[in-house]
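Novice: For the sequence shown, the working numbering begins at -8 and goes up steadily by one.
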Amino acid sequence: MSVRKRTLPSGEVRWLVDYKDQAGARRARQFKTQREAKAFEAKAIVEVSERTHVPRAEAVSIRQAVEKYIMHLDGRVAAGEMERRTLADIKSKLAHVTGEHGIPEVLLPDVTFAAADSMRLRLIGAGMSGANGAKVLGTLRTMMNWGVDARLVTRNDLAGRRSKRGSREKKQVPIPAAADISKLLVEADKLPAPYGLYVRTAVLTGCRAGELRGLQWRHVDFTVGTVRVEQRAEQDGTIGKPKTLSGHRTVPLPAGLLAKLKEAHFAAGRNPDSYVFGNRAGEPIDHDAFSGRHWRPLLRRLGLSGLDFHHLRHAYASMLLNAAVPVTEVSRRLGHADPSITLRIYSHALPEASAGAELAGIEASLRPRNTDAT
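1. Look at A105 and L131 and say whether their C-beta atoms are less than 7 angstroms apart.
2. Does A340 pass the burial test, meaning 16 or more other C-beta atoms within 10 Å, or should it be called exposed?
3. Can the beta-carbon of I375 be found closer than 7 angstroms to that of P95?
4. Label G260 either buried or exposed according to how many other C-beta atoms from any shown protein chain fall within 10 Å of its C-beta, with 16 as the threshold for buried.
5. Should M68 and R76 be called a contact, given that it needs their Cβ atoms to be closer than 7 angstroms?
6. Based on the DSSP secondary-structure assignment, which residues constitute the bridge partners of W6?
7. Out of curiosity, what's the CA-to-CA distance linking P233 and A272?
8. Beta-carbon separation of V321 and L311 under 7 angstroms?
9. Indicate whether A306 and P167 have their beta-carbon atoms separated by less than 7 angstroms.
10. May I have the straight-line CA-CA distance separating I336 from H301, to the nearest angstrom?
11. Run through the DSSP bridge pairs and tell me what L98 is partnered with.
12. Can you check DSSP and say which residues form a bridge with I230?
13. With three or more C-beta pairs closer than 8 angstroms as the rule, is the segment 20 to 30 touching the segment 115 to 122?
14. Who are Y266's beta bridge partners in DSSP?
15. Measuring only the C-alpha atoms, how far is P275 from N262?
16. Once the 5 residues before and after P330 are set aside, which same chain residues still bring their CB inside 7 angstroms of it?
17. Could you give the DSSP three-state label for G15: helix, strand or coil?
18. Report, in whole angstroms, the separation of the C-beta atoms of L206 and F268, which I expect to be a contact under 8 angstroms.
19. Look up A346 in the DSSP assignment and say whether it is helix, strand or coil.
20. Nearest to A224 by alpha carbon, out of G2, Q163, E178, D279?
21. Residues in its own chain within less than 8 angstroms of T89 by CB, not counting five upstream and five downstream?
22. So does the segment 207 to 219 actually touch the segment 283 to 298, counting three or more Cβ pairs closer than 8 angstroms?
23. To which residues of the same chain is L203 closer than 7 angstroms at the C-beta, ignoring the five residues directly before and after it?
24. Whose CA, out of T103, A14, H92, E32, lies closest to the CA of R(-5)?
25. Run through DSSP, which three-state label would V316 get?
The structure is reproduced here in structure tokens:
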């Protein structure tokens, strides 16, 4: 690499950095000052040696990067590694990044945290909530991380950085009251099959809606009393793998739920390949249709309109923790990759220990023992 002075026909001075990239191709960039040129040279030397350098001429814009990223995610959906609904949510957030208040034409290497955070503030100024603005920024951060792996950019300036949004505490996941869950189950049992059992199984296994809809009778072990989570059904009925490797799991079934599942199995004809929660066409039930026709009306009747179906999973986790089930086991049953995830989400649901009684016990154990003289 070399840095040399260059005088333009206009008489202006530029500083040219002449170098070869990791593929051996000759590259050149010019700067207004020698300091800028020297700084780029030092940076390029490291990047070329690490084979991470992205020549300026090959840099893509945010708009182009979004297109490539969505193509990558389309592939993950096709491979069953991501739900279509998740992809749709990501697309909606990235549409703001490439939209009127976004930064669509900025080149990926030029995306700084300051530029991204300014975009967040513009979105909020245009009427977006602070929470959704942060989610858009988070989605851009994730895409930039992918861009580093895909060799579209050398580094992600957004990595590990968060917007200063005051000292508000992180919102805790809602834990439905046990009395509300009990009331819900009584009324849910009055719903037409298989919807009452669908609700009950969600409460007593902690499975996600997609995991429940993907269950087939072959996944239920009536002898041992367990259910194996091996697949999930997307909203359009497509069957895919669980969200993560740890999503593959076996969950114990309480006796009452097991008995109800046996009754449903007998009524369904005992076909091992039939869906536990299937419709007349033999396909997984439509969760959106269930929500509109049965779930939301049920909640309105009970005065529980703020309850989301996914909150039943939170109720299950809370019940296990309050029953003193070890966090490692709760994490396994929920399909979390690590118990730390479970603790982060449900730490506020842990039963409070009696610190006074514990300290009294510790104090007693430290008292010197009286020994008889010999």
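Note that CB positions come from ideal geometry on N, CA and C, so glycine has one too.
Specialist: In terms of the structure at hand:
1. no
2. buried
3. Missing from the structure shown is residue 375; the chain here goes from -8 to 365 and no further.
4. Its Cβ having fewer than 16 others within 10 Å, G260 is exposed.
5. Note that residue 68 is Val in the sequence shown here, rather than Met. When the beta-carbon positions are compared, V68 and R76 stay at least 7 angstroms from each other.
6. K(-4), F22
7. 24 angstroms
8. Yes, the Cβ-Cβ distance between V321 and L311 is below 7 angstroms.
9. yes
10. In a straight line, the C-alpha of I336 is about 14 angstroms away from that of H301.
11. Residue pairing by DSSP places L98 opposite S52 in a beta bridge.
12. A224
13. no
14. Q207
15. 15 angstroms
16. V318, T319, S322.
17. coil
18. Correct: roughly 7 angstroms between the Cβ atoms.
19. Summary for A346: the model assigns pLDDT 48, below 50, so the residue's position carries little reliability; its value from the coordinates is reported in the next sentence. Helix, per DSSP.
20. Check the Cα spacing between A224 and each of G2, Q163, E178, D279: the tightest is with D279.
21. Hits under 8 angstroms: I53, R54, V57, P95.
22. no
23. Y189, T192, A193, F268
24. When only C-alpha atoms are compared, the closest one is E32.
25. coil
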